[in-house]
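S.K.: Got a structure for you, written out below as structure tokens; questions coming shortly.
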Amino acid sequence: MVKLTNYNIVLKQFVLLLTFTLTISCAEKKYAVEKIVGKQININEKIQESTEFEKIIKPYRDRIDADLSTVLSFAPETIDKNGKWQTPMGNFLSDITLEMSNVVFEKREHKKIDFCLLNNGGIRSIIPKGNVTARTAYEVMPFENSTVVLAISGKVVLEIVDYIISEKKPHPLSGMSFTINSDGKPSNIKIGNNNLEEEKVYYVVTSDYLANGGDNMLFFKKNSQKFDLDYKLRNIIIDYFKSNKEIKVNTNQRITE
Amino acid sequence: MKRREFLKGSISSGLLLSAGGFSLSSFKTSGSKHLTVLHTNDVHSYIDPFPADHPKNPNMGGVARRAALIEKIRAENPNVLLLDSGDIFQGTPYFNYYGGELEFKLMSMMKYDLATIGNHDFDNGIDGLYAQLPNATFEFVSANYDFKNTVLDGHVKPYKVFNKNGIKVGVFGLGVELDGLVDKRNSKETVYHDPVSVAQEMARILKQEKKCDLIICLSHIGYQYKNEPDKICDTKLATLTKDIDLIIGGHTHTFLDKPTILKNIEGKDVLVNQVGCYGINLGRIDFYFDEEKNIAANGKSIII
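Line by line, the protein sequences give chains A and B. Residue numbers for the first sequence, in numbering that gives the first Met the number 0: 0 to 256. Residue numbers for the second sequence, in numbering that gives the first Met the number 0: 0 to 303.
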């Protein structure tokens, strides 16, 4: 399928070019574009693969397969990314991130993390029903992002709520809940089971990527304290798989409209 | 001029070329030359094809297939320039396991000529990228990232000039804003500069000083941002600069039906292209050149 057009620019330059070629005809050859043809070639099973390349790739693939094909856990249902304000994948990832990061944070800092906020775009894959391997964790979270705990005021939490409402994306959220009124304003904001207090300091766990302003989560820059847990999000998923024979997803409502 | 506009409109459907019975050879003169530019972007370590039961891209992509395709194209026209617009790294366990080693080795085997640096190419830190450079026989260009105070100093050029069978092709690179996208711990002392002024300076050098016949911008700044109309992108860059013939983009994983044609600041045509992501597509743009004197003399044949 030829998908383009051609162009040329030479007509306008006709007079100019004549003068040019007459004066310096002894100079090195000067070329101009006469025609352009552009297209895109889809790469699919109709193209016979190069055996030379396949031979090079195979040992690299085999080692990965040997490592990542071990069954670690089981998903009784497909965990998908469907939903307006929250998704099964988002609930799953934010819940386990809050739970597993808290183990590290409590040991190190003797404090408790209040809630978790991640980004919907950071979840790169669903978890299909059936056996779950470490490869699943790599597909869900290929990035090397680690968890970070930030101390923020209740006022900054209000900014987070406004951000989520304006973004209209199901960003993974755990340990926090609120209602969106018909006028688009939030109400009934709760951290755990308690009402939000604007002057109080809360501890939120997120990824280092978001803590640094990724996905325009600039409110995280207003933290008063930052703790790097050096715990990769992917390792959180793998550790959860290893310690749970079956994946459980909480469906409790975090954001109600 | 009217005829020219008419033909341009008709040909955009792609029908006239085949149905009208024109063949490329009809336009060839003694001094004519043919350059094939092939390109990828945002391959993201996708080395194997997607599985046949994948819900979005079943059976698509795969480096061993791309290599065979490129080899076939080279057999037809050896005058090929093979380019990548960045984000070579990150997305499959191949990167997590081998840090980009296999990606660079395979690209070298396919004889890539040049690549630019995407935000995810910093994902193992600037040191991680530096460590993989020995596996790449191709070079990197980035004109708006200043690597002076990093390990990449001296390893990334702003531009490169190729002599492709007598055609001088200048290619410069552009990277996306790092703030809020790339962790400072990864990009370290890399300094980002405004792509527009840098691109204009590069085009000036390549056109005026290096006397290039064709100028290509290898960009990772993104095709377009609907929700951020002020953010610089390929389509804006095309209209704000001059002397750039082709912008090969990346970053936004944009699938286009065909390359976009825009008018630059002087009203001349600029092509902007991007081929999605994950090695699903290969972009191919063929340039047919002639000596300027022939083009001037055979005015008619160049209308198409």
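All C-beta atoms, glycine included, are put in the ideal place defined by N, C-alpha and C.
Is the beta carbon of I42 (chain A) less than 8 Å from the beta carbon of R64 (chain B)?
M.R.: Contact: yes.
S.K.: Using a Cβ-Cβ cut-off of less than 8 Å, list which residues of the segment 255 to 274 of chain B approach chain A; keep chain order.
M.R.: Taking 8 Å as the Cβ-Cβ cut-off against chain A, the residues of the segment 255 to 274 of chain B that qualify are L255, D256, K257, P258, I260, K267, D268, L270, N272, V274.
S.K.: If I measure Cβ to Cβ from K206 (chain B) and keep anything under 7 Å in the same chain, skipping five residues before and after, which residues do I get?
M.R.: Excluding residues within five positions, the ones whose Cβ falls inside 7 Å are I214, D242.
S.K.: Mind checking if S31 (chain B) is an interface residue toward chain A, Cβ cutoff 8 Å exclusive?
M.R.: Yes, contact with chain A.
S.K.: Among A:R134, A:Q224, A:M216, which residue has its Cα nearest to the Cα of L71 (chain A)?
M.R.: Answer by Cα proximity: A:R134.
S.K.: Going by CA-CA distance only, name the one from A:H109, A:K38, A:P75 that's closest to I246 (chain A).
M.R.: Closest option to I246 (chain A), Cα to Cα, is A:P75.
S.K.: Any C-beta of chain E within less than 8 Å: which residues of the segment 76 to 94 of chain B qualify?
M.R.: The question asks about chain E, but that chain is absent: this structure's protein chains are A and B.
S.K.: I'd like to know if L67 (chain A) contacts chain B, where contact means its C-beta is closer than 8 Å to some C-beta of that chain.
M.R.: Cβ-Cβ to chain B under 8 Å: yes for L67 (chain A).
S.K.: With a Cβ-Cβ cutoff of 8 Å, do D83 (chain B) and Y45 (chain B) count as a contact?
M.R.: No, the pair does not count as a contact, with Cβ atoms beyond the cut-off.
S.K.: Measuring alpha carbon to alpha carbon, tell me which residue in B:I220, B:G174, B:K167, B:P133 is nearest F146 (chain B).
M.R.: Ranking the options by Cα distance to F146 (chain B), first place goes to B:G174.
S.K.: Leaving out five residues on either side along the sequence, give the residues of the same chain with a beta carbon under 6 Å from the beta carbon of S223 (chain A).
M.R.: Only A150 meet the Cβ criterion.
S.K.: Is the segment 184 to 193 of chain A touching the segment 233 to 252 of chain A, taking contact as three or more C-beta pairs under 8 Å?
M.R.: Too few Cβ pairs lie closer than 8 Å, so no.
S.K.: Using 10 angstroms around the beta-carbon of R184 (chain B), count the other beta-carbons present and answer buried if the total reaches 16, otherwise exposed.
M.R.: The residue in question, R184 (chain B), is exposed, as its Cβ has fewer than 16 Cβ neighbours within 10 Å.
S.K.: Under 8 Å between the Cβ atoms of S218 (chain B) and G248 (chain B)?
M.R.: The answer is yes: Cβ separation under 8 Å.
S.K.: Given P127 (chain A), which residues of its chain have a CB within under 6 Å of its CB, disregarding the five upstream and five downstream residues?
M.R.: Within the same chain, P127 (chain A) has close Cβ partners T77.
S.K.: Report, in whole angstroms, the separation of the C-beta atoms of F49 (chain B) and N58 (chain B), which I expect to be a contact under 8 Å.
M.R.: Their Cβ separation, rounded to whole angstroms, is 6 Å, which keeps F49 (chain B) and N58 (chain B) in contact under 8 Å.
S.K.: Three Cβ pairs or more, each shorter than 8 Å: is that satisfied between the segment 202 to 220 of chain A and the segment 117 to 132 of chain A?
M.R.: Result yes; three or more Cβ-Cβ pairs closer than 8 Å.
S.K.: Taking 8 Å as the CB-CB cut-off, is F142 (chain A) touching chain B?
M.R.: By this cut-off, F142 (chain A) is an interface position.
S.K.: Which residues share a DSSP beta bridge with L177 (chain B)?
M.R.: Looking at the DSSP assignment, L177 (chain B) forms no beta bridge with any residue, so it has no partner.
S.K.: State the start and end residues of the unbroken beta strand (DSSP E) segment that holds S145 (chain A).
M.R.: 145 to 152 is the extent of the beta strand (DSSP E) around S145 (chain A).
S.K.: DSSP state of A114 (chain B), grouped into three classes?
M.R.: A114 (chain B) falls in the strand class under three-state DSSP.
S.K.: Name the residue from B:L245, B:I284, B:T238 whose alpha carbon lies nearest to the alpha carbon of I264 (chain B).
M.R.: The shortest Cα separation from I264 (chain B) among B:L245, B:I284, B:T238 belongs to B:T238.
S.K.: Give the interface partners of G165 (chain B) over in chain A, defined as CB-CB distance under 9 Å, in chain order.
M.R.: Under the 9 Å cutoff, chain A gives K28, Y30.
S.K.: In or out: P228 (chain B) buried (at least 16 other Cβ within 10 Å) or exposed?
M.R.: Its Cβ having fewer than 16 others within 10 Å, P228 (chain B) is exposed.
S.K.: Mind reading off the beta-carbon distance from E196 (chain A) to G153 (chain A)? Whole number of angstroms is fine, and I expect it under 8 Å.
M.R.: That pair is a contact at about 5 Å.
S.K.: Between R269 (chain A) and L172 (chain A), is the Cβ-Cβ spacing less than 8 Å?
M.R.: Look at the range of chain A in this structure, 0 to 256, and you will see that residue 269 (chain A) is not part of it.
S.K.: Measure the alpha-carbon distance for F161 (chain B) versus P133 (chain B) and round it to whole angstroms.
M.R.: Distance between the alpha carbons of F161 (chain B) and P133 (chain B) is about 21 Å.
S.K.: Could you work out which residue in B:A202, B:Q273, B:I116 is closest to Q89 (chain B) when comparing CA atoms only?
M.R.: When only C-alpha atoms are compared, the closest one is B:I116.
S.K.: Which whole-angstrom value is the C-beta distance of D268 (chain B) and Y30 (chain A), which I expect to be below 8 Å?
M.R.: D268 (chain B) to Y30 (chain A), Cβ: 17 Å. No contact.
S.K.: Closest by CA to I179 (chain A), which one among A:G191, A:I190, A:H170, A:I163?
M.R.: Cα-wise, what sits closest to I179 (chain A) is A:I163.
S.K.: Go through its chain and collect everything with a Cβ distance to S145 (chain A)'s Cβ below 8 Å, but skip five positions before and after it.
M.R.: Within the same chain, S145 (chain A) has close Cβ partners S206, D207, D227, L228, D229, Y230, K231, L232.
S.K.: Could you check if G60 (chain B) is buried or exposed, using at least 16 other CB atoms within 10 Å of its CB as the buried criterion?
M.R.: Buried is the call here.
S.K.: Less than 8 Å between the C-beta atoms of F254 (chain B) and G275 (chain B), yes or no?
M.R.: Taking 8 Å as the Cβ cut-off, F254 (chain B) and G275 (chain B) qualify as a contacting pair.
S.K.: Mapping DSSP to helix, strand and coil, what is G172 (chain B)?
M.R.: Note: G172 (chain B) maps to strand in three-state DSSP.
S.K.: Terminal residues of the continuous alpha helix (DSSP H) containing D238 (chain A)?
M.R.: 232 to 242 is the span of the alpha helix (DSSP H), which, as asked, contains D238 (chain A).
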